[in-house]
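Q:
Residue numbers (our numbering): 13 to 803.
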């Protein structure tokens with residue numbers, strides 16, 4: 013039944029694709045490219061900037077108007093390279109932009125002012141903008157993630173977090189999660205921001221305190237190019253230890269109504285955008301998605317049995333510019349997800365201990381905000397955001413008695429809310445000096461409960477707390493160009509956590525030396541801090557009289573000092589080599605106060621620790637990363653990233669051990685090519701592949717004899733994370749076909765994750781029924797078929 017249902021779904025998508033109307037042979041399809049050119053640091057529009065399309069013979073071009081906007085009509089569909097130039101600014105070349113017949117290509121491009129103010133400066137390679145972070149204050153360990161890369165990379169399935177897993181220094185924790193491990197750090201060290209403000213983890217099926225989940229709530233229909241940071245962050249970023257996703261939502265088309273309909277294995281979604289009324293500069297953009305498997309299950313087509321993952325999400329952005337009061341945008345995103353796994357009501361089919369459990373899981377996330385940008389003059393602006401967010405998850409686990417009566421085993425209900433207000437002031441004094449300063453105020457609410465029986469069958473409450481607290485952050489950073497080659501970025505970030513009064517001040521500094529147009533050296537240092545998951549502070553211990561204490565409420569921030577050195581070399585106009593080496597010293601890490609314990613918060617074991625914790629642990633991550641990237645030119649690209657690293661932690665006794673995430677090596681190789689086919693070569697076939705080889709997960713071995721004696725799993729804690737699974741290896745492929753028709757584009761794609769069906773080991777566990785250690789494996793081959801229409 014499962015195979016037949018999946019085949020039927022695939023056949024339906026193929027039928028939809030090939031039943032699209034056929035255009036007249038030889039018809040030349042065209043579309044519009046338009047956008048805005050601004051000063052990258054002051055955000056002021058640049059009047060009279062030149063925009064030229066280099067891939068048309070003869071070249072096609074225009075200049076920007078008084079608002080910095082440009083428009084190029086009747087551009088042939090396909091891939092095009094744009095060159096943007098302006099007197100006194102560094103030229104920028106944008107290679108291989110994809111223009112389809114279904115949607116206009118709307119660009120917002122920032123240019124950097126040249127040190128030589130009155131000359132037109134040509135930075136000879138298209139590359140100088142490719143992959144560089146959008147945040148001009150980020151100088152090292154940072155890159156932009158384009159929307160097109162998110163769509164194109166094999167098995168990224170339109171998820172920016174999965175796209176980031178291809179970059180140097182980034183590993184994964186398991187196949188079915190977009191959670192990432194940055195430079196050997198716990199995934200909990202990653203901070204998510206949307207529209208410049210912190211948000212809860214925007215993923216479906218996310219666990220408490222986690223930084224990822226199975227499916228992203230962020231729709232590719234909503235995304236603009238965004239930044240991803242892996243270390244030594246600039247001063248405006250706080251409450252993060254290992255990585256930062258700085259996500260931007262694009263504005264809707266303010267001249268033309270456009271739509272996108274997408275149907276695939278993961279979900280069916282619909283996006284709409286356009287102006288509020290003709291001639292208005294205001295626009296709307298919205299997207300809704302619902303789980304395909306859940307929809308099929310409701311009509312009796314059960315591809316994955318009864319344990320169907322159900323999810324839905326909605327996101328929007330309203331853009332409201334005014335003549336004198338600046339720009340307003342009202343945005344939001346949110347999602348619901350759940351999955352119910354029921355044990356068979358037939359004891360003869362129970363092979364292992366876990367076969368007799370019912371497991372229900374629900375998760376939710378929502379965030380909405382009002383952002384205002386006010387220009388005080390042509391060189392300075394204030395950006396302010398007021399946001400509200402909520403998140404939480406619920407888990408119920410019941411064991412079945414011999415008569416199949418459900419006996420409560422464990423449950424938790426975690427809910428959190430946050431109201432935040434942030435404001436920053438940005439001032440560009442001249443082409444050498446830029447100052448940015450601001451603050452973030454957060455009111456954090458929580459309502460958390462966890463209780464039941466642990467693995468040793470001890471009953472009780474693990475967490476039971478309701479209340480609120482505050483967090484305050486302030487920062488200032490200054491970018492200064494000593495010479496045309498040498499640039500300094502320095503600043504301070506301060507952080508106050510009201511729950512226990514902890515305060516830290518973090519200095520940051522970055523330095524870049526541009527030897528010439530193709531070669532540069534960079535160095536950065538910074539102190540960084542992050543509070544733990546709120547449930548960690550409220551973990552309870554039961555006393556002899558039956559009362560509870562909370563020994564961890566006064567825990568301080570986990571802190572880290574980052575040191576990074578980088579080298580960047582353009583080997584040719586479309587081929588870049590980057591090498592970075594880093595050292596991270598983590599200190600004041602929460603570890604168990606018990607001398608015989610080996611617990612450390614750096615290992616994030618997806619459970620609530622009820623041990624007494626103290627900020628006396630340390631850790632260190634160090635390594636070297638190499639990236640060789642051939643940009644998408646001449647219809648092909650490749651990306652090779654290699655990371656060699658070591659990740660250690662120490663207990664309260666000072667004993668050093670490998671962390672759970674110490675894989676030691678990661679190698680990613682991605683490549684892809686497009687073929688122009690059909691009448692006038694206006695359609696595209698894309699072939700993309702990926703190979704990943706990495707060190708396996710580390711786990712704590714099980715004391716089998718002790719487990720048999722105690723009738724539950726007993727770990728060999730003296731060898732915590734001392735065993736490593738075999739190396740992780742996975743191959744992914746993506747095949748796509750884009751068919752352009754008048755006023756619409758049709759895209760059919762097939763992603764196959766782990767197409768060799770390799771069974772990578774996730775870890776081991778003790779089965780008390782079988783009285784043996786059972787190996788757990790990650791997901792095997794996973795095909796994801798998708799059909800998309802843009803019109």
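Where a beta carbon is used, it is the ideal one built from N, C-alpha and C, also for glycine.
1. Using the three-state DSSP reduction, which class does residue 275 fall into: helix, strand or coil?
2. Looking at residue 347 and residue 380, is the spacing between their C-beta atoms short of 9 angstroms?
3. Please classify residue 547: does DSSP put it in a helix, a strand, or coil?
4. Straight-line CA distance for residue 281 to residue 780?
5. Going by DSSP, what residue range makes up the alpha helix (DSSP H) through residue 805?
6. Short of 7 angstroms in beta carbon distance, which residues of its chain neighbour residue 703, apart from the five on each side in sequence? Order them along the chain.
7. So, residue 747 versus residue 792, is the Cβ gap smaller than 9 angstroms?
8. Among the residues of its own chain, which have a CB less than 6 angstroms from the CB of residue 134, if the five just before and after it don't count?
9. At 4 residues or longer, and completely inside the region 532 to 581: list those alpha helix (DSSP H) runs for me, N to C.
10. Give a yes or no on whether the C-beta atoms belonging to residue 765 and residue 171 are separated by under 9 angstroms.
11. Going by C-alpha distance, which of 331, 497, 191 and 390 is nearest residue 174?
12. Just curious, the beta strand (DSSP E) that residue 628 is in, first and last residue?
13. Express the C-alpha separation of residue 783 and residue 820 in angstroms, rounding to a whole number.
14. Quick one: using the 10 Å Cβ neighbour count with 16 as the cut-off for buried, is residue 789 buried or exposed?
15. Tell me the rounded alpha-carbon separation between residue 285 and residue 341.
16. Can we say the region 421 to 431 touches the region 383 to 393, given the rule of at least three CB pairs closer than 8 angstroms?
17. Between the region 351 to 366 and the region 387 to 405, do at least 3 Cβ pairs fall closer than 8 angstroms?
18. Compare the Cα-Cα distances from residue 125 to each of 755, 58, 729 and 110 and report the closest residue.
19. Extract the residue ranges of the beta strand (DSSP E) inside the region 365 to 404, only unbroken runs of 3 or more that lie entirely within it.
20. In angstroms with no decimal places, state the Cα-to-Cα distance between residue 69 and residue 88.
21. Quick one: give me the first and last residue of the beta strand (DSSP E) that residue 88 is part of.
22. Which same chain residues end up closer than 6 angstroms to residue 374 when comparing Cβ atoms and leaving out the 5 residues on each side of it in sequence?
23. Roughly how many whole angstroms lie between the Cα atoms of residue 339 and residue 438?
24. Does the Cβ of residue 667 have 16 or more other Cβ atoms within 10 Å, making it buried, or fewer, making it exposed?
25. What are the boundary residues of the beta strand (DSSP E) that residue 703 is part of?
26. Which residue marks the beginning of the alpha helix (DSSP H) containing residue 309, and which one marks its end?
27. With distances taken between CB atoms, is the gap from residue 432 to residue 453 smaller than 9 angstroms?
28. In whole angstroms, give me the CA-to-CA distance for residue 169 and residue 763.
29. Quick one: what does DSSP say residue 73 is sitting in, helix, strand or coil?
30. Using CA coordinates, which residue listed in 151, 152 and 146 is at the minimum distance from residue 158?
31. Taking the alpha carbon of residue 628 as the point to measure from, which residue in 266, 642 and 567 has its own alpha carbon closest?
32. Can you check DSSP and say which residues form a bridge with residue 458?
33. Using only alpha-carbon positions, find the residue among 163, 580, 43 and 148 that is nearest to residue 270.
34. Judging by CA-CA distance, which residue of 577, 726, 462 and 207 is the nearest neighbour of residue 436?
35. Is it right to say residue 214 is buried, meaning 16 or more other beta carbons lie within 10 angstroms of its own, or is it exposed?
36. So residue 605 is in the beta strand (DSSP E); what residue range does that whole segment cover?
A: In brief:
1. Along the chain shown, one-based indexing puts residue 275 at 263. When DSSP states are grouped into helix, strand and coil, residue 275 belongs to the strand group.
2. As a working mapping, residue 380 is identified with position 368 in the chain shown. As a working mapping, residue 347 is identified with position 335 in the chain shown. Contact flag unset, no.
3. For the purposes of this step, residue 547 is taken as residue 535 along the chain shown, with counting starting at 1. It is helical.
4. Here residue 281 refers to the residue found at position 269 of the chain shown. Here residue 780 refers to the residue found at position 768 of the chain shown. Near 44 angstroms, if we compare the C-alpha coordinates of residue 780 and residue 281.
5. Given a span of 13 to 803 for the chain in the structure shown, any question on residue 805 remains unanswerable.
6. Residue mapping note: residue 703 aligns to position 691 of the chain shown, counting from 1. So the list reads 681 and 743, once near-sequence residues are dropped.
7. For the purposes of this step, residue 747 is taken as the residue at position 735 of the chain shown. For the purposes of this step, residue 792 is taken as the residue at position 780 of the chain shown. Against a cut-off of 9 angstroms, the Cβ pair of residue 792 and residue 747 comes out as no contact.
8. Position 122 of the chain shown, counted from the start, is the residue given in the question as residue 134. With a pLDDT of 49 at residue 134, under the threshold of 50, the modelled position of that residue is not reliable, and the figure given next carries that caveat. Closer than 6 angstroms at the Cβ level, and outside the excluded window around residue 134, lie 103.
9. 546 to 549
10. Residue mapping note: residue 765 aligns to position 753 of the chain shown, counting from 1. Residue mapping note: residue 171 aligns to position 159 of the chain shown, counting from 1. In this structure, residue 171 does not lie closer than 9 angstroms to residue 765 by Cβ.
11. On the chain shown, residue 174 is found 162 positions in, with the first residue counted as 1. 191 is the residue among 331, 497, 191 and 390 whose C-alpha sits nearest the C-alpha of residue 174.
12. Taking the first residue of the chain shown as 1, we reach residue 628 at position 616. 625 to 645 is the extent of the beta strand (DSSP E) around residue 628.
13. Look at the range of the chain in this structure, 13 to 803, and you will see that residue 820 is not part of it.
14. Taking the chain shown and counting its residues from 1, the one referred to as residue 789 is at position 777. Exposed is the call here.
15. As a position in the chain shown, residue 285 is number 273, starting the count at 1. As a position in the chain shown, residue 341 is number 329, starting the count at 1. If I take the Cα positions, the gap works out to 14 angstroms.
16. no
17. no
18. Here residue 125 corresponds to residue number 113 of the chain shown, with the count starting at 1. Comparing alpha carbon positions, the residue from 755, 58, 729 and 110 closest to residue 125 is 58.
19. 369 to 387
20. Looking up residue 69 in the chain shown gives position 57. Looking up residue 88 in the chain shown gives position 76. Looking at the two C-alpha atoms, the distance is approximately 11 angstroms.
21. Numbered from 1 along the chain shown, position 76 holds the residue referred to as residue 88. 81 to 88 is the span of the beta strand (DSSP E), which, as asked, contains residue 88.
22. Counting from one through the chain shown, the residue named residue 374 turns up at place 362. So the list reads 350 and 406, once near-sequence residues are dropped.
23. As a working note, residue 339 is residue 327 in the chain shown. As a working note, residue 438 is residue 426 in the chain shown. The alpha-carbon atoms of residue 339 and residue 438 are separated by roughly 15 angstroms.
24. Looking up residue 667 in the chain shown gives position 655. In the assembly as shown, residue 667 is an exposed residue. Its beta-carbon has fewer than 16 other beta-carbons within 10 Å.
25. As a working mapping, residue 703 is identified with position 691 in the chain shown. 695 to 706 is the extent of the beta strand (DSSP E) around residue 703.
26. Taking the chain shown and counting its residues from 1, one reaches residue 309 at position 297. Residue 309 -> alpha helix (DSSP H) spans 304 to 310.
27. Residue 432 sits at position 420 when you count from the first residue of the chain shown. Residue 453 sits at position 441 when you count from the first residue of the chain shown. In this structure, residue 453 lies closer than 9 angstroms to residue 432 by Cβ.
28. Here residue 169 corresponds to residue number 157 of the chain shown, with the count starting at 1. Here residue 763 corresponds to residue number 751 of the chain shown, with the count starting at 1. Distance between the alpha carbons of residue 169 and residue 763 is about 7 angstroms.
29. Within the chain shown, numbered from 1, the residue matching residue 73 stands at position 61. Strand, per DSSP.
30. Taking the chain shown and counting its residues from 1, the one referred to as residue 158 is at position 146. Cα-wise, what sits closest to residue 158 is 146.
31. Along the chain shown, read from residue 1 onward, the residue named residue 628 stands at position 616. Residue nearest to residue 628 within the set 266, 642 and 567 is 567 (criterion: CA-CA distance).
32. As a working note, residue 458 is residue 446 in the chain shown. Paired residues: 428 and 479.
33. Your numbering for residue 270 matches position 258 in the chain shown. Looking at the Cα atoms, 43 is the closest of the given residues.
34. Stepping through the chain shown from its first residue, residue 436 is reached at position 424. When each option's Cα is compared against that of residue 436, the closest is 207.
35. Walking along the chain shown from the start, residue 214 turns up at place 202. That one is buried.
36. The residue given as residue 605 occupies position 593 in the chain shown. Residue 605 -> no beta strand (DSSP E), and no H or E assigned at all.
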